[in-house]
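Same order as they appear, the protein sequences are chains A and B.
Counted from 1, the first sequence has number 320 at position 321 by numbering that gives the first Met the number 0; the numbering is strictly sequential.
Counted from 1, the second sequence has number 47 at position 48 by numbering that gives the first Met the number 0; the numbering is strictly sequential.
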Amino acid sequence: MSTTAATAPAVTGIGVAAPNGLGLKAWWAAVLRGESGIRPLTRFDASPYPVRLAGEVPGFVDEDHVPSRLLQQTDRVTRLSLAAAKEALDDAGADPADLPDYAAGVVTANSAGGFEFGQRELEALWSRGGRHVSAYQSFAWFYAVNSGQISIRHGLRGASGVIVTEQAGGLDATAHARRQIRKGAHLVVTGGIDSSLCPWGWAAHLAGGGLSTEPDPARAYLPFDPDASGYVVGEGGAHLVLEDAARARERGARIYGLVAGHGAAFDGPAGGAGGGCRLGAAAGAALADAGIGPGDVDVVFADAAGERAADRLEAEALAELFGPRAVPVTAPKSMTGRLAAGGSALDLAAALMALHEQVVPPTTGTSAPADDCPVDLVTGTPRTGLRLRTALVLARGRGGFNSAVVVRAPAA
Amino acid sequence: MNRLELSSLTRILRECAGEEEGVDLDGDVLDQYWFELGYDSLAVLQTTGYIEREFGIVLDGEDFDEADTPRRYLDMVNRVLSERAPV
């Protein structure tokens with residue numbers, strides 16, 4: 000299947016805003032140290048709520064990343080997104096101004112839009128009246144706002160869009176960016192960022208259920224652990240610069256990896272086979288799309304729900320595809336919490352860094368997987384000494400979305 | 000408050016819409032078009048909402064289509080302020 004490999008687009012730039020590190024270097028160093036960003040909430044007073052832990056992006060100074068003209072019109076989610084997009088483009092050494100008009104676009108994923116901005120304007124509406132609502136509310140709340148603001152700031156006027164499939168979004172957006180490259184785009188900024196750590200967002204997260212009420216940050220989110228008790232919400236994610244591989248090589252760009260395959264599937268009825276879980280189907284489709292078999296996969300970045308039944312379903316899907324404990328599995332999101340659309344984008348960044356630096360980042364918190372989760376989970380410290388050529392990244396989005404992406408190291 | 004001065008307008012613009020890099024609102028801006036100052040229609044709309052609340056007036060949408068520079072914008076606001084019956 001060399002045609003697939005030959006046309007797989009290249010990731011040439013990565014930008015990160017994560018609870019355990021702002022910026023690619025700071026985040027990756029923290030990931031390898033096993034340093035968690037899950038802490039008591041500080042962005043609002045969470046004391047009246049049953050869940051008080053989250054993954055907040057530390058040390059983000061708005062004025063350092065966002066031009067004055069954009070401060071009044073952007074929610075935190077867009078500020079984080081603008082920062083990560085700029086880092087990714089700088090990291091790629093790509094200047095969209097050098098490209099033909101309409102040759103570069105933006106396809107990002109998002110789940111909650113500008114929630115905190117929306118809360119503030121709703122408060123203004125109901126306490127002071129419609130004349131007090133910001134004109135910028137017209138777009139600042141919207142899922143597509145990150146794509147729009149990135150497009151305007153960097154002059155990316157080619158085919159663009161937004162994907163809303165919750166946690167699966169970061170992968171689905173990257174797959175859609177790949178389609179645009181295949182249709183002739185030279186460069187697409189992709190990935191995703193989410194942030195909704197405000198009282199209104201918190202009410203939504205609590206109503207959605209599944210959050211861990213464990214107060215100890217080190218014990219709250221334990222994917223595949225026998226004591227798994229739910230998940231922790233975080234904010235942030237990653238943006239990636241995806242380029243036509245031949246053009247990227249031509250300009251001498253550093254290539255982290257190639258996006259070689261993607262598969263997506265909706266869950267079936269809960270009473271059906273495998274509890275209706277179609278994550279394995281998405282993974283199988285991604286391998287087929289990449290033209291490879293399970294034996295070619297060197298590491299899996301798990302969705303890692305942190306809930307017993309969902310963890311078991313994922314472990315069973317992996318065992319069915321690869322055989323029990325046959326491939327290293329990791330979940331660095333144990334250090335950030337689940338970031339909605341940003342989560343799978345950040346996992347994709349982690350998979351690319353793993354290929355680039357030949358190291359599997361660890362899962363923290365969980366000391367060993369439960370007996371009914373037959374996975375070779377990389378825990379505690381990074382695993383080295385493997386030959387990492389191909390990584391599979393999995394994600395499940397609330398509502399039944401399953402997505403899988405295969406990334407491969409660039410051919411030497 | 001029966002007049003809107005340029006100094007107040009620039010303060011309100013900065014607060015409502017920020018300041019474009021490379022633009023100095025304290026400079027000679029009276030006759031520059033909004034787009035030359037880095038402001039789009041939404042920035043003017045946001046600024047207008049603030050001024051309407053602050054001065055207790057309502058501006059005519061058709062009028063501010065033509066108020067495409069700070070000078071014309073000030074003229075428009077001050078005309079409405081002067082026409083307002085003294086209380």
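Every residue gets a Cβ at the ideal spot worked out from N, C-alpha and C, and that includes glycine.
Report yes if the CB atom of Ala408 (chain A) is closer than 8 Å to the CB atom of Arg382 (chain A), and no otherwise.
no
Buried or exposed: where does Phe34 (chain B) fall if 16 or more other Cβ atoms within 10 Å of its Cβ makes it buried?
exposed
Complete alpha helix (DSSP H) runs within the segment 40-111 of chain A (minimum length 4 residues, chain order):
61-64, 67-70 and 75-91
Scan the segment 169-245 of chain A and note each continuous beta strand (DSSP E) run of 3 residues or more that stays entirely inside, going in chain order.
186-193 and 235-242
Among A:Leu257, A:Ala123 and A:Pro293, nearest to Ala353 (chain A) - alpha-carbon criterion
A:Leu257
How close, in whole Å, do the beta carbons of Glu234 (chain A) and Glu55 (chain A) come, if the pair is a contact with beta carbons under 8 Å?
6 Å
Tell me whether Thr378 (chain A) is buried or exposed, calling it buried when 16 or more other Cβ atoms sit within 10 Å of its Cβ.
buried
Alpha carbon of Gly342 (chain A) to alpha carbon of Ile291 (chain A), nearest angstrom:
25 Å
By how many angstroms is the C-alpha of Glu122 (chain A) removed from the C-alpha of Trp199 (chain A)?
10 Å
Name the chain E residues whose beta carbon is nearer than 9 Å to that of Ser80 (chain A)?
The question asks about chain E, but that chain is absent: this structure's protein chains are A and B.
Backbone CA spacing between Thr47 (chain B) and Leu5 (chain B) [nearest angstrom]:
14 Å
Per DSSP, Pro327 (chain A) forms a beta bridge with which residues?
A:Asp375
Closer than 7 Å by C-beta to Tyr220 (chain A): which residues in its own chain qualify, once you throw out the five before and the five after it? Chain order, please.
Ile37, Ser211, Tyr230, Val231, Gly305, Ser333, Gly336 and Gly364
Just the C-alpha distance for Ala9 (chain A) and Asp100 (chain A), rounded to the nearest angstrom, thanks.
21 Å
Identify the continuous beta strand (DSSP E) that holds Arg407 (chain A) and give its terminal residues.
Phe400 to Arg407
Report yes or no: do three or more beta-carbon pairs, one from the segment 344-359 of chain A and one from the segment 189-198 of chain A, lie closer than 8 Å?
yes
Ala390 (chain A) versus Gly322 (chain A): straight-line alpha-carbon distance, rounded:
16 Å
Buried or exposed: where does Tyr49 (chain B) fall if 16 or more other Cβ atoms within 10 Å of its Cβ makes it buried?
buried
Let's see if you can read the secondary structure: which residues bound the alpha helix (DSSP H) around Val359 (chain A)?
Counting along the chain, Val359 (chain A) falls outside any alpha helix (DSSP H), and DSSP gives it neither H nor E.
Assign Ala252 (chain A) to one of three DSSP states: helix, strand, or coil.
coil
Run through chain B and tell me which residues come within less than 9 Å of His131 (chain A), C-beta to C-beta.
Gly48 and Arg52
Would you say Ala203 (chain A) reaches chain B, if we count a Cβ-Cβ gap shorter than 8 Å as a contact?
no
Once you ignore the five residues that flank Arg307 (chain A) on each side, which residues in its own chain have a CB closer than 7 Å to its CB?
Ala227
So, for Phe91 (chain A): in the same chain, excluding its five sequence neighbours on each side, which residues have a beta-carbon less than 6 Å away from its beta-carbon?
The amino acid at residue 91 (chain A) is misidentified as Phe; the sequence shows Ala. Correct list, in chain order: Thr11, Gly12 and Val240.
Determine the extent of the alpha helix (DSSP H) in which Leu44 (chain B) is found, giving its start and end residues.
Ser40 to Phe54
Would you decide whether Val106 (chain A) is buried or exposed? Buried here means 16 or more other CB atoms lie within 10 Å of its CB.
buried
Go ahead and label Thr2 (chain A) buried or exposed: buried means 16 or more other beta carbons lie within 10 angstroms of its beta carbon, across all protein chains shown.
Since pLDDT at Thr2 (chain A) reaches only 46, below the 50 mark, its modelled position is unreliable, and the value read off the structure follows with that caveat. Exposed, because fewer than 16 other Cβ atoms sit within 10 Å of the Cβ of Thr2 (chain A).
Per-residue contacts from Pro95 (chain A) into chain B (C-beta, under 7 Å)
Under the 7 Å cutoff, chain B gives no residues; its nearest Cβ is about 18 Å from Pro95 (chain A).
Taking the C-alpha atoms as reference points, what is the distance between Val43 (chain B) and Arg177 (chain A)?
38 Å
Would you mind working out which of A:Arg395, A:Ala394, A:Arg253 and A:Ala325 sits nearest Ala410 (chain A), comparing C-alpha positions?
A:Arg253
Relative to the alpha-carbon of Leu52 (chain A), which residue among A:Thr41, A:Asp61, A:Val60 and A:Gly58 has its alpha-carbon at the smallest distance?
A:Thr41
I'd like to know whether the C-beta atoms of Asn19 (chain A) and Ala340 (chain A) end up nearer to each other than 8 Å.
no
Run of the alpha helix (DSSP H) containing Thr389 (chain A), from where it starts to where it stops:
Element bounds for Thr389 (chain A): not the alpha helix (DSSP H) but the beta strand (DSSP E), Thr389 to Gly396.
My output table needs one value for Val76 (chain B): the three-state DSSP class, helix, strand or coil.
helix
Among A:Val296, A:Ala349, A:Gln357 and A:Ala264, the one whose alpha carbon lies nearest that of Asp171 (chain A)
A:Ala264
Using a Cβ-based criterion (distance less than 7 Å to any ligand heavy atom), does Ala289 (chain A) qualify as near the ligand FMN?
Because no ligand of any kind appears in the structure shown, any question about the ligand FMN cannot be addressed here.
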